[in-house]
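Q: In the working numbering, the protein residues as written are 854 to 1286.
1. Please state whether DSSP places residue 1257 in a helix, a strand or coil.
2. Would you say residue 1203 reaches chain D, if we count a Cβ-Cβ gap shorter than 8 angstroms as a contact?
3. Quick check on this structure: which residue in 1039, 1037, 1035 and 1048 has the alpha carbon closest to the alpha carbon of residue 1021?
4. State buried or exposed for residue 1083, treating a residue as buried only when at least 16 other CB atoms are found within 10 Å of its CB.
5. CA-CA distance, residue 1090 and residue 1163?
6. Tell me whether residue 1265 sits in a helix, a strand or coil according to DSSP, three-state version.
7. Check the C-beta distance from residue 1179 over to residue 1165 and give it rounded, since I have them as a contact under 8 angstroms.
8. Taking only the alpha-carbon atoms, compute the straight-line gap between residue 885 and residue 1230 and give it to the nearest angstrom.
9. In terms of residue numbering, what span does the alpha helix (DSSP H) encompassing residue 938 cover?
10. Tell me whether residue 886 sits in a helix, a strand or coil according to DSSP, three-state version.
11. Since residue 1055 is in the beta strand (DSSP E), which residue starts that stretch and which ends it?
12. For residue 1131 and residue 866, I'd like the C-alpha separation in whole angstroms.
13. With H, G and I counted as helix, E and B as strand and the rest as coil, what does DSSP make of residue 1045?
14. What span of residues does the beta strand (DSSP E) with residue 844 cover, start to end?
15. Just reading off the alpha helix (DSSP H) that residue 1066 is part of, what are its end residues?
16. Would you mind stating whether residue 1087 and residue 1003 have Cβ atoms separated by less than 8 angstroms?
17. Using the rule of at least 16 other Cβ atoms within 10 Å of the residue's Cβ for burial, across every protein chain shown, is residue 1284 buried or exposed?
18. How would you write the range of the beta strand (DSSP E) that residue 1150 sits in, first residue to last?
19. What does a CB cutoff of less than 6 angstroms around residue 1102 pick up in its chain, not counting 5 residues either side in sequence?
20. Should residue 875 go down as buried or exposed, given a rule of 16 or more other Cβ atoms within 10 Å for buried?
21. How far does the beta strand (DSSP E) with residue 1208 in it extend, from its first residue to its last?
22. My output table needs one value for residue 1109: the three-state DSSP class, helix, strand or coil.
23. On the premise that residue 1017 lies in contact with residue 1203, defined as a C-beta separation below 8 angstroms, what is that separation, rounded to the nearest angstrom?
24. Could you spell out the range, first to last residue, of the alpha helix (DSSP H) harbouring residue 1229?
25. Determine the direct distance from the alpha carbon of residue 880 to that of residue 1211, and round the result to whole angstroms.
26. For residue 955, count neighbouring Cβ atoms within 10 angstroms of its own Cβ and tell me buried if that reaches 16, exposed if not.
27. Any idea which residues DSSP pairs residue 1120 with across the strands?
28. Let me check understanding here. Comparing Cα to Cα, which of 1282, 1244, 1183 and 1168 lies closest to residue 1256?
29. Smallest Cα separation from residue 1155: which of 1170, 1174 and 1146?
30. Determine the DSSP secondary structure at residue 1040, reduced to helix, strand or coil.
31. Who does residue 1004 pair with in a DSSP beta bridge?
In structure tokens:
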């Protein structure tokens, strides 16, 4: 799925509107700013996102019927205008979306009665085992950490809010939409699936709330509209890409993400599944030369060896990895092809997969590690780790990647190591000099 909107950024000039109206090309269209009056003028006590710096970024309207090639040509023409900073076609891509099918209320009884408990197959929650390597969420559970005190957001193409592991009041349908998307359902369930004793369990199911933001085909809008609801220290997980690159390859998204992280909001984004060497790709030279915007870019690794999965993008711009295959979560149906009772195979609201994959799967795993660590730190200190502090901690205390010469995707988070290091820092701070 790709809407292929055009994003334009006008330079900050006092007479910008009159300049637009005087331009023969630009006056043919209308423009929807990503920054709303509500963002600019309402109480900003929740966080300190600098929306003023994002004024001028707009979606171009009235593009119906235009082909992708026509939009690209139009964006190039617009970018040549002397009072336009940039214009480009947004290339966010997602799998095909299907409408959510309604079901009778009594179906939930059948679902719960027959749904097995798959938690033991969610190996990514484990620590270092004889068979595979996980992020050690089990350690967090052992010390009473389930994500409490932290809010998270998942941005995707849609969600099945009726899925039996996502039916919880604190899993909030941000856009109040009925668009279902198994990709979004799978990502959200990894992070925040209900702990109900059946199906799966979200890694940080005890987080205060999780905003489910649909409409990722307008990726910049999807991110900026949820920011007013997030506090410093909260965590966003975004598991889609800009064509074949990380989402912040797109300039406007990069700018919004930079302002979000500057305000203390942690943003985890997928690195992409195109096996691109991001250190050498010529088309990424401008992207590589940008300053650090504070996001955490997540690559995909092998659950056994921690080598890069062959499809994962790689390079120094990628910070951290997690499982890129074999991820048990909600959505899909392949689990039931083998072990589920026959009555469940046609139930839309209780589907599961044992092989969600890609950097899409890895990203909510890393986001969950960030939520758990933040939850512990906030509980201990009343403070939060900044996005840069969290990223540095995950890298410094993670389990090293194997064979990084074959493509750097960074270490895998280890929650116990991270909490141990934070504990030591806290002891050092109070130790007598």
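Cβ coordinates follow ideal geometry from the N, Cα and C atoms, glycine included.
Keep in mind the model is a prediction, meaning the values are calculated, not measured.
A: So, from the listed chains and residues:
1. helix
2. No chain D is present in this structure, which holds just one protein chain.
3. In terms of CA proximity to residue 1021, 1048 leads the group 1039, 1037, 1035 and 1048.
4. buried
5. One Cα belongs to residue 1090, the other to residue 1163, and the distance between them is close to 23 angstroms.
6. Note: residue 1265 maps to strand in three-state DSSP.
7. Rounded, the Cβ-Cβ distance is 14 angstroms, inconsistent with contact.
8. Straight-line spacing of the CA atoms in residue 885 and residue 1230 works out to 40 angstroms.
9. Element bounds for residue 938: not the alpha helix (DSSP H) but the beta strand (DSSP E), 937-942.
10. strand
11. Here residue 1055 belongs to no beta strand (DSSP E), and DSSP marks it neither H nor E.
12. 35 angstroms
13. Three-state DSSP puts residue 1045 in a helix.
14. Limits of the chain in this structure are 854 at one end and 1286 at the other, which puts residue 844 out of reach.
15. Per DSSP, residue 1066 is not a residue of any alpha helix (DSSP H); the beta strand (DSSP E) it occupies stretches across 1062-1066.
16. yes
17. exposed
18. 1149-1154
19. 1095 and 1140
20. exposed
21. 1205-1209
22. helix
23. With 8 angstroms as the limit, residue 1203 and residue 1017 qualify as a contact, their Cβ atoms being about 5 angstroms apart.
24. 1212-1234
25. 42 angstroms
26. Summary for residue 955: the model assigns pLDDT 35, below 50, so the residue's position carries little reliability; its value from the coordinates is reported in the next sentence. With fewer than 16 other CB atoms across the displayed protein chains lying within 10 angstroms of its CB, residue 955 is exposed.
27. 1089
28. 1168
29. 1174
30. helix
31. 1062
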